[in-house]
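Trainee: The numbering of the sequence shown is our numbering, which starts it at 13 and goes up by one.
Note that the Cβ used here is the ideal one computed from N, Cα and C, for glycine as well.
Keep in mind that this is a model prediction, so the values were computed, not measured.
One structure follows; several queries about it will come next.
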Amino acid sequence: MTTPEDEPRSPWPPPIVVHPVMPGDPPFRSVEINGELAGIARDLVELLDLAYSAGLKHIDLDDPAQVRWVGGGKYKWVP
């Protein structure tokens with residue numbers, strides 16, 4: 013079974029990087045879009061809102077060329 017870390021990396025970074033869960037009330041993940049801190053997301057809906065606000069419309073959250081998940085995948089929202 014392959015994991016996202018096993019897959020070959022593109023020479024270009026994905027437009028969205030979702031960082032590890034940070035403790036908080038509620039917990040959150042920092043999100044970079046096109047190399048800039050776009051904000052924080054507490055769930056997938058907030059992540060998609062940030063992407064849409066940045067002009068990214070058709071996001072495949074499972075595509076490593078579009079989203080890099082650091083410290084857990086798309087279902088990891090608690091420490």
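Say whether chain B places a C-beta atom closer than 7 Å to the C-beta of Tyr64.
Mentor: Protein chains in the displayed structure number just one, and chain B is not present.
Trainee: Buried or exposed: Glu48, going by 16 or more other Cβ atoms within 10 Å of its Cβ?
Mentor: Within the sequence shown, numbered from 1, the residue matching residue 48 stands at position 36. Exposed is the label assigned to Glu48, since fewer than 16 other Cβ atoms lie within 10 Å of its Cβ.
Trainee: Using the Cα positions of Ile52 and Trp24, report the straight-line distance between them to the nearest angstrom.
Mentor: Within the sequence shown, numbered from 1, the residue matching residue 52 stands at position 40. Within the sequence shown, numbered from 1, the residue matching residue 24 stands at position 12. In this structure, the CA atom of Ile52 is about 23 Å from the CA atom of Trp24.
Trainee: Round the Cβ separation of Val90 and Val30 to the nearest angstrom and send it over; I've been treating them as touching at under 8 Å.
Mentor: Here residue 90 refers to the residue found at position 78 of the sequence shown. Here residue 30 refers to the residue found at position 18 of the sequence shown. Your pair Val90 and Val30 does not check out as a contact, with CB atoms roughly 14 Å apart and the cut at 8 Å.
Trainee: Assign Val82 to buried or exposed, taking buried as 16 or more other Cβ atoms, counted over all protein chains shown, within 10 Å of its Cβ.
Mentor: As a working mapping, residue 82 is identified with position 70 in the sequence shown. Exposed, because fewer than 16 other Cβ atoms sit within 10 Å of the Cβ of Val82.
Trainee: For Ala50, count neighbouring Cβ atoms within 10 angstroms of its own Cβ and tell me buried if that reaches 16, exposed if not.
Mentor: Within the sequence shown, numbered from 1, the residue matching residue 50 stands at position 38. Buried.
Trainee: Would you give the residue range spanned by the beta strand (DSSP E) that Val33 belongs to?
Mentor: Walking along the sequence shown from the start, residue 33 turns up at place 21. Per DSSP, Val33 belongs to the beta strand (DSSP E) from Ile28 to Met34.
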